[in-house]
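Chains as they are written, first to last, in our numbering: chain A, 1 to 282; chain B, 1001 to 1291.
Read the structure below first, then the notes.
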């Protein structure tokens, strides 16, 4: 009887996750331009991933994006959580506002910022021009494109990470804080010496989660920059997508990139699990 | 927190609420929060206002905050000249059916994991959780090939079924079902109720709060999902809203003002959900750390 209950779920897992995952590893040793005829190429896909200049630039872009995205997200969501936690007035309002972008479709988020960052008719450049700052080509210059993508990535997810940190803050024993206050500790001291150390496990969860999210980023970038300018914001997931749907179509190479992405995500998920276990044990 | 507690040391944690003179800390706090509010709301507001501008206003330099003429025709054109109704229907259909399917099969699996002892239970449960580690992006190409070989490309089922079994949903529901006393199920069995009847009539109604959380997350995710329907819906009549918006935006023949109007309309249902379900959404994230 229990097998009947789990059967539909397991069938889907087997057909649409486990089987494709195995196929993916297999395909990564082949070359195919149509998904039907496969030529065995050994580890050539993997060596070209580490040798090919296009892939090297995708790897560089992804690394740049993830590093800045993780650092900025963690610092800002920590700041926001600490500030909101102390806020008495309109606490729920601020929390809700920051959370709003999480609810939006990433496709629409890309369109919103594409509108705002437009070189000629966007409001940001209008403000910058009024302030004498020129009109930077956010979607035209590779470096600025990357900055825009990192900024929007943070903008989307900040509310999500803050919620988790706020929950972590709720878990801190209030009597500890009151005792410190009685002993004359200032608020800065309390935050630095009591709250931040106690919040460390939750902060680590944020670092790990944002790393995983960072590596998976795709959809808002698709409508924000489309991976441009000049491929400067093409990250690994878009690269995988492109190998199946944009020329040159290379299923094997895309699958190999998928395998590598899996290894990265696997490592961080395992780390997250270990941290979570430690956190619960405390 | 009366105003008589003047004996307390001045700058402490607890005295924050009964201070009259703003301190450096509270000025910093308020400024920071107002800045964040501005950074979140300003672009969204600009975007919504843009959706009411005609093409002349949209290309005005310097840009205007308010439209010089409110171009409501952007919205009517979305319906009349473009297939907004179709995309909207597709999104509603995929979201609804997928959410029902997810609730059904996830709760069935969760019930087996929570209330039955069977060979391989723990192994299968660990396997279910391990599915979190294989996100769609990682197996994009092979899963597309599998779906294609099953003839599910360009079908609603192709969009709905492959992602309907969610590890998170099973986990949330199983944890909740563990709290249902076994005696309840036993006594129903003694009364002669069949296994499916017990599940449908006793267990599911008791799981309503957990089902609500899973449903909310499924709806939000399906409504906003882009990459999966992008792969499967390659024919225009199957586009969901995100796919339609992304692909129309890339086409030069579609006026940008219509894309704006469609985008604004597509976020309205989600906004309503956020307003009414905020507490459940925020609690759900705080508890599971998942979207």
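Beta carbons: idealized from backbone N, C-alpha and C, even for Gly.
Interface residues of chain D facing residue i [CB-CB closer than 9 Å]
i              : result
residue 211(A) : Going by chain labels, chain D is absent from the structure shown, which instead holds the protein chains A and B.
DSSP bridge partner residues for residue i (one or two, in chain order)
i             : result
residue 40(A) : 30(A)
Close beta carbons around residue i, own chain, < 8 Å, minus the five adjacent residues each side
i               : result
residue 282(A)  : The predicted position of residue 282(A) is uncertain, since its pLDDT is 42 and thus under 50; a value taken from the coordinates is nonetheless stated next. Answer for residue 282(A): 201, listed in chain order.
residue 1004(B) : Summary for residue 1004(B): the model assigns pLDDT 42, below 50, so the residue's position carries little reliability, and this model does not support an answer.
residue 156(A)  : 101, 102, 104, 106, 109 and 220
residue 1119(B) : none
residue 65(A)   : 146, 149, 150, 153, 214, 217, 233 and 235
residue 1252(B) : none
residue 163(A)  : 95 and 99
residue 74(A)   : 161, 203, 206, 207 and 210
residue 199(A)  : 78, 165, 168, 169 and 172
residue 1312(B) : Beyond the ends of chain B as shown, which are 1001 and 1291, falls residue 1312(B); an answer cannot be given.
residue 1055(B) : 1255, 1256 and 1257
Other residues of its chain near residue i: CB distance less than 6 Å, five sequence neighbours each side excluded
i              : result
residue 160(A) : 102
residue 46(A)  : 256
residue 230(A) : 142
residue 62(A)  : 235 and 236
residue 243(A) : 250, 253 and 254
residue 113(A) : 152 and 224
residue 271(A) : 208
Presumed contact (8 Å Cβ cut-off) between residue i and residue j, rounded CB distance
i               : j               : result
residue 223(A)  : residue 1246(B) : 5 Å
residue 78(A)   : residue 203(A)  : 6 Å
residue 1214(B) : residue 1159(B) : Incorrect: roughly 19 Å between the Cβ atoms, too far for contact.
residue 1280(B) : residue 1212(B) : 6 Å
residue 123(A)  : residue 1142(B) : At roughly 43 Å, the Cβ-Cβ gap does not stay under 8 Å, so residue 123(A) and residue 1142(B) are not in contact.
residue 1029(B) : residue 129(A)  : Contact flag wrong, Cβ pair sits at about 32 Å.
residue 97(A)   : residue 1037(B) : 5 Å
residue 1269(B) : residue 1223(B) : 7 Å
residue 1052(B) : residue 1070(B) : 5 Å
residue 1259(B) : residue 1271(B) : Residue 1259(B) to residue 1271(B), Cβ: 19 Å. No contact.
residue 1128(B) : residue 1092(B) : Actually they do not touch by this definition, with Cβ atoms about 29 Å apart.
residue 1059(B) : residue 121(A)  : 6 Å
residue 1217(B) : residue 1242(B) : Not really, about 17 Å apart at Cβ, beyond 8 Å.
residue 1273(B) : residue 1190(B) : So it is not a contact: roughly 42 Å between Cβ atoms.
Beta-carbon contacts of residue i that lie in its chain and below 7 Å, excluding the five residues immediately before and after
i               : result
residue 269(A)  : 212
residue 1057(B) : 1064, 1067 and 1068
residue 1090(B) : 1238, 1239 and 1240
residue 264(A)  : 215
residue 24(A)   : 255, 258 and 259
residue 180(A)  : 190 and 194
residue 227(A)  : 221, 233, 234 and 238
residue 117(A)  : 124, 138, 139 and 148
residue 1105(B) : 1164 and 1165
residue 1278(B) : none
| field | Validate contact between the region 1254–1267 of chain B and the region 1031–1050 of chain B using beta carbons, cut 8 Å, 3 pairs | value | When C-beta atoms of the region 1254–1267 of chain B are compared with those of the region 1031–1050 of chain B, three or more pairs fall below 8 Å, so the two segments count as touching.
| field | Cβ contact (3+ pairs, closer than 8 Å) linking the region 35–50 of chain A and the region 209–218 of chain A | value | Three or more beta-carbon pairs separated by less than 8 Å are not found between the region 35–50 of chain A and the region 209–218 of chain A, which leaves the two stretches without contact.
| field | Contiguous alpha helix (DSSP H) assignments of at least 4 residues, all confined to the region 1162–1230 of chain B | value | Secondary structure in the region 1162–1230 of chain B: the alpha helix (DSSP H) runs of 4 residues or longer, each lying completely within the stretch, are 1167–1178, 1182–1190, 1195–1198 and 1208–1224 in chain order.
| field | Contact the region 1121–1141 of chain B vs the region 1183–1203 of chain B: 3+ CB pairs below 8 Å | value | Output reads no: the region 1183–1203 of chain B does not touch the region 1121–1141 of chain B.
| task | Go through the region 217–269 of chain A residue by residue and report every complete run of the alpha helix (DSSP H) that reaches 4 residues or more, in order. | result | You should have 219–224 and 236–245.
| Three or more C-beta pairs below 8 Å linking the region 74–86 of chain A and the region 248–259 of chain A | No, they do not touch.
| task | Write down every uninterrupted run of the alpha helix (DSSP H) in the region 154–221 of chain A whose length is 4 residues or greater and which is fully enclosed by it, in chain order. | result | You should have 174–182, 187–190 and 200–216.
| query | Between the region 1071–1082 of chain B and the region 1093–1111 of chain B, do three or more beta carbon pairs fall short of 8 Å? | reply | Cβ pair count under 8 Å is below three, so no.
| field | Segment contact, 8 Å Cβ cut-off, at least three pairs: the region 1024–1044 of chain B with the region 1058–1074 of chain B | value | With a cut-off of 8 Å, the region 1058–1074 of chain B and the region 1024–1044 of chain B do not count as touching, because too few Cβ pairs lie within range.
| said: Does the contact criterion of 3 or more C-beta pairs under 8 Å hold for the region 25–35 of chain A versus the region 237–253 of chain A? | reply: The region 25–35 of chain A vs the region 237–253 of chain A: in contact.
| What residue ranges within the region 1218–1288 of chain B form continuous alpha helix (DSSP H) runs of no fewer than 4 residues, ordered along the chain? | Fully enclosed alpha helix (DSSP H) runs of 4 or longer: 1227–1232, 1241–1249 and 1256–1288.
| Below 8 Å, can you find three or more Cβ-Cβ pairs linking the region 10–17 of chain A to the region 1137–1149 of chain B? | Touching, yes.
| said: At 4 residues or longer, what runs of the alpha helix (DSSP H) sit wholly inside the region 1106–1159 of chain B? | reply: Counting only runs of at least 4 residues, the region 1106–1159 of chain B fully encloses the following alpha helix (DSSP H) elements, listed from N- to C-terminal order: 1121–1130 and 1140–1149.
| task | Please determine if the region 1152–1172 of chain B and the region 1225–1237 of chain B are in contact, where contact requires at least 3 C-beta pairs separated by less than 8 Å. | result | Because the criterion of three Cβ pairs below 8 Å is met, the region 1152–1172 of chain B and the region 1225–1237 of chain B touch.
| Are the region 1163–1178 of chain B and the region 1104–1122 of chain B touching by the rule of at least three beta carbon pairs closer than 8 Å? | A contact exists between the region 1163–1178 of chain B and the region 1104–1122 of chain B.
| field | In chain order, each alpha helix (DSSP H) run of at least 4 residues that lies wholly inside the region 1040–1088 of chain B | value | Here the runs fully enclosed are 1055–1058 and 1073–1080.
| alpha helix (DSSP H) runs wholly inside the region 96–134 of chain A, at least 4 long, in chain order | Counting whole runs of 4 or more residues, the region 96–134 of chain A contains the alpha helix (DSSP H) stretches 106–116 and 123–130.
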